[in-house]
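There are 2 protein chains.
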Amino acid sequence: MNTNEPFIGMHKTELDTPALLIDLDKMEANIETMASYFSTVNADLRPHVKTHKTPIISHKQIAAGAIGVTCAKLGEAEAVIHAGIRDVLIANQVVGPHKIARLINLAKHSEIMVAVDNFENVQAISEAAAAKGATVRMLIEVNIGMNRCGVEPGEPVLKLAEKVRQSPNLKFEGLMGYEGHTVTKRNQVERDAAAREAMQHLLDAKHYLEKQGVEVSIMSGGGTGTFNITGSIPEMTEVQAGSYIFMDSTYGNVEGVGEQFDCSLSVLATVVSRPSPNRVIVDTGLKVLAKEFGIPQPVGVNGVELTGLSEEHGTIQVSDENVSLKPGDKLEILPSHCCTTVNLHDRYYGIRQGIVESVWDITARGKAQ
Amino acid sequence: MNTNEPFIGMHKTELDTPALLIDLDKMEANIETMASYFSTVNADLRPHVKTHKTPIISHKQIAAGAIGVTCAKLGEAEAVIHAGIRDVLIANQVVGPHKIARLINLAKHSEIMVAVDNFENVQAISEAAAAKGATVRMLIEVNIGMNRCGVEPGEPVLKLAEKVRQSPNLKFEGLMGYEGHTVTKRNQVERDAAAREAMQHLLDAKHYLEKQGVEVSIMSGGGTGTFNITGSIPEMTEVQAGSYIFMDSTYGNVEGVGEQFDCSLSVLATVVSRPSPNRVIVDTGLKVLAKEFGIPQPVGVNGVELTGLSEEHGTIQVSDENVSLKPGDKLEILPSHCCTTVNLHDRYYGIRQGIVESVWDITARGKAQ
Chain A
0 MNTNEPFIGM HKTELDTPAL LIDLDKMEAN IETMASYFST VNADLRPHVK
50 THKTPIISHK QIAAGAIGVT CAKLGEAEAV IHAGIRDVLI ANQVVGPHKI
100 ARLINLAKHS EIMVAVDNFE NVQAISEAAA AKGATVRMLI EVNIGMNRCG
150 VEPGEPVLKL AEKVRQSPNL KFEGLMGYEG HTVTKRNQVE RDAAAREAMQ
200 HLLDAKHYLE KQGVEVSIMS GGGTGTFNIT GSIPEMTEVQ AGSYIFMDST
250 YGNVEGVGEQ FDCSLSVLAT VVSRPSPNRV IVDTGLKVLA KEFGIPQPVG
300 VNGVELTGLS EEHGTIQVSD ENVSLKPGDK LEILPSHCCT TVNLHDRYYG
350 IRQGIVESVW DITARGKAQ
Chain B
0 MNTNEPFIGM HKTELDTPAL LIDLDKMEAN IETMASYFST VNADLRPHVK
50 THKTPIISHK QIAAGAIGVT CAKLGEAEAV IHAGIRDVLI ANQVVGPHKI
100 ARLINLAKHS EIMVAVDNFE NVQAISEAAA AKGATVRMLI EVNIGMNRCG
150 VEPGEPVLKL AEKVRQSPNL KFEGLMGYEG HTVTKRNQVE RDAAAREAMQ
200 HLLDAKHYLE KQGVEVSIMS GGGTGTFNIT GSIPEMTEVQ AGSYIFMDST
250 YGNVEGVGEQ FDCSLSVLAT VVSRPSPNRV IVDTGLKVLA KEFGIPQPVG
300 VNGVELTGLS EEHGTIQVSD ENVSLKPGDK LEILPSHCCT TVNLHDRYYG
350 IRQGIVESVW DITARGKAQ
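Structure representation (structure tokens):
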């Protein structure tokens, strides 16, 4: 009997708290909805591991049609490759000798692909790959308006593509751009315009390369907020959406996206104090709930608002004194940002119709290197 | 050879990133400074585990004179009690049958003490302790103005104290109040006035009990921002300061406190991209740096400002184009909130004069239950 087995079969309200719950029916519906969309367009889905950080969920996404996965960090890539997944994109720069050595090791066990935006980095990966007889696939990250990483479209992309193509043990696959500055724009018309403007930079970069005779096989980008914008562009070959698996109150409010997916993630809390009729204190603070996208809110209870999160406590203001919450009572809180909330927890409790069906360790939690 | 041993003796800049560093000389100086203060006043120090979450650091604090430790969560108490520490206060309510069972189990191996603010909770702990033949020490948490948990001073405290005194297998020890709404007030005069006003509520509660013949042995409160305010009140018997061990940019700016302690904690980052002369991207985002108290800043580099943190990236604006930071370069970032930043990491690298001296697992990281 493993240490998770005693939880199986319990009702979710019997779980001790704070606990991170997945509504399995809703998660599976989200997987199905996204897979259905990508069966209708040219682009494929390459869902992001950074949201759930758990190989079994990646496998479910692949079983539903995803072509592989996207990772933010080498530690996530190690987790999924050790779990048997081979088509893995690290959608960030892998920099420094330790990390490049790990990348090359992974290339021996997978068809790993990495984003690059710098000549010296390309050179270093090529040399390390050559020394080990490995091949690393590369996408050039293009700055399409987010102003984070990435080279500028046009000549800078061409020069770096030539560098990749001329370097031993590398394979130039194509381009990547992330329209992260557009994905949570609530208004559908504004988001559509902003995302298309951003992706146009990536298309321009592709056309520039093709005019010079450089073949661009892969065009990668997109997020949950733009899955059906970026995903509908015929020249895009893959979309990196991640949050759709769980959703949260931020994406839930994004028009044209929030309606299509259910929020499948929640944090179970216990009331630890009811010091006054209008104040309820729960055991979920900043160490189990991220708040950079706003203070998360309870679900399924009317007349309450979570107004403050300190390290270990949540403070709920009660506007309806008939709210009966008392110490020991449990309630669920909907995260405002699923990705950073998951990173605070060690395991999921998978719930179906109220009963614990599975307990999954969050294998890549904290794997920030 | 354990898995941490290869790091010992490396220069800190050889470590892969993100990495959480402790400057051991500075941490030890902070322990000494705080211990020296508490050798001059009536109150003792009961430092908080929630900041460092690591038993070896608690042992160092006790070796320097602390009477025991404060914990936020049962999981922290389990970590330190399993490491041999016996005088442990859980400064929050322990609610629900699972948690109460764990509390009683700990009472068999320690002189554990817990905060209470509710009759039914006192009753439940008493019954569970009686069933196991254990004794649990109790402090009544008093609301002294923070408006989180705690009963109101006066008659409500008296009634709950009588309940504790009359319940089998419980020992009423005294009162606890946390002036958390005052500890980070920057101005010393304002903080002093606010903290003394808050603590007066706790003193009033004590005097009220004593008039009714109830002995109050322990008076517990305080934080790093009020250590020498609350700590100087003759009737206070102990102070729960935690952050002083590491400090951060928030407490570093608190007048009368920031000057006395050095910031001993930092997050080592690697530059992953320098897309333009005025922009540097590092590999430290919200999954390794908390930002609820403001965006943390690099130390030791002039002409740079960390202006944005996304999940995996930090964006640094460079105002001096002579800043030579390029991909692969490393820099240290000073957290703005040490407690929540520590909770994002699995281990500390203890650095002395630039060299890794020790690697400590953060035993109670994520122990939110």
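So the protein lines, in turn, are chains A and B.
Using numbering that gives the first Met the number 0, you'd call the opening residue of the first sequence number 0 and step up by one each time.
Using numbering that gives the first Met the number 0, you'd call the opening residue of the second sequence number 0 and step up by one each time.
All C-beta atoms, glycine included, are put in the ideal place defined by N, C-alpha and C.
Note that this is a predicted model, so its numbers are computed, not measured.
Contact set between residue i and chain B, taken where Cβ atoms lie within less than 7 angstroms
i: residue 367 of chain A; result: 17, 286 and 287
i: residue 116 of chain A; result: 272 and 274
i: residue 291 of chain A; result: 285 and 290
i: residue 142 of chain A; result: 274
Under 9 angstroms by beta carbon: chain A residues contacting residue i
i: residue 149 of chain B; result: 272 and 274
8 angstroms Cβ cut-off: residues of chain B touching residue i
i: residue 322 of chain A; result: Under the 8 angstroms cutoff, chain B gives no residues; its nearest Cβ is about 17 angstroms from residue 322 of chain A.
i: residue 339 of chain A; result: 285, 286 and 310
i: residue 326 of chain A; result: 92, 94, 117, 119 and 120
i: residue 278 of chain A; result: 146
i: residue 345 of chain A; result: 365
Endpoints, beta strand (DSSP E) assigned at residue i
i: residue 169 of chain A; result: 169 to 176
i: residue 329 of chain A; result: 329 to 333
i: residue 217 of chain A; result: 217 to 220
i: residue 69 of chain A; result: 68 to 70
i: residue 259 of chain B; result: Premise fails: residue 259 of chain B is in no beta strand (DSSP E) and is neither H nor E.
Per DSSP, cross-strand counterpart(s) of residue i
i: residue 191 of chain A; result: None, per the DSSP bridge assignment.
i: residue 97 of chain B; result: Per DSSP, none; premise fails for residue 97 of chain B.
i: residue 22 of chain B; result: B:350
i: residue 268 of chain A; result: A:330
i: residue 112 of chain A; result: A:88 and A:136
i: residue 280 of chain A; result: A:272 and A:314
i: residue 307 of chain B; result: B:314
i: residue 357 of chain B; result: B:349
i: residue 296 of chain B; result: B:333
i: residue 150 of chain B; result: B:141
Reference residue i; option with closest CA among the options
i: residue 287 of chain B; options: B:263, B:151, B:20 and B:318; result: B:20
i: residue 108 of chain B; options: B:118, B:84, B:129 and B:312; result: B:84
i: residue 137 of chain B; options: B:178, B:26 and B:115; result: B:115
i: residue 312 of chain A; options: A:293, A:270, A:338 and A:331; result: A:270
i: residue 263 of chain A; options: A:293, A:350, A:234 and A:195; result: A:350
i: residue 230 of chain A; options: A:310, A:198 and A:204; result: A:198
i: residue 329 of chain A; options: A:16, A:5, A:8 and A:9; result: A:16
i: residue 149 of chain A; options: A:110, A:168 and A:118; result: A:118
i: residue 193 of chain A; options: A:7, A:201, A:178 and A:88; result: A:178
i: residue 331 of chain A; options: A:48, A:75, A:200 and A:281; result: A:281
i: residue 210 of chain B; options: B:79, B:365, B:277 and B:157; result: B:157
Cross-chain neighbours of residue i in chain B, by beta carbon under 9 angstroms
i: residue 298 of chain A; result: Ordered by position in chain B, no residue passes the 9 angstroms Cβ test against residue 298 of chain A, which lies about 20 angstroms from the chain.
i: residue 314 of chain A; result: 146 and 147
Limits of the unbroken alpha helix (DSSP H) element including residue i
i: residue 164 of chain A; result: 154 to 165
i: residue 341 of chain B; result: 337 to 341
i: residue 14 of chain A; result: Unbroken run through residue 14 of chain A: none, as it is neither H nor E.
i: residue 122 of chain A; result: 118 to 131
i: residue 48 of chain B; result: 48 to 51
i: residue 229 of chain A; result: 226 to 229
i: residue 251 of chain A; result: 248 to 251
Which of helix, strand or coil DSSP assigns to residue i
i: residue 141 of chain A; result: strand
i: residue 73 of chain A; result: helix
i: residue 203 of chain B; result: helix
i: residue 60 of chain B; result: helix
i: residue 54 of chain A; result: helix
i: residue 40 of chain B; result: coil
i: residue 5 of chain B; result: helix
i: residue 237 of chain B; result: strand
i: residue 213 of chain A; result: coil
i: residue 323 of chain B; result: coil
i: residue 244 of chain B; result: helix
i: residue 301 of chain A; result: coil
Under 8 angstroms from the C-beta of residue i: neighbouring residues of chain A
i: residue 31 of chain B; result: Under the 8 angstroms cutoff, chain A gives no residues; its nearest Cβ is about 26 angstroms from residue 31 of chain B.
i: residue 342 of chain B; result: 286 and 343
i: residue 71 of chain B; result: 310 and 311
i: residue 49 of chain B; result: 310 and 311
i: residue 269 of chain B; result: 94 and 95
Chain A contact residues for residue i, given Cβ-Cβ distances below 7 angstroms
i: residue 400 of chain B; result: Residue 400 of chain B lies beyond the residue range present for chain B, which begins at 0 and ends at 368; the question has no answer from this structure.
Distance cut-off 7 angstroms: residue i Cβ against heavy atoms of the ligand PLP
i: residue 104 of chain B; result: For the ligand PLP, the structure offers nothing, since it holds no ligand at all.
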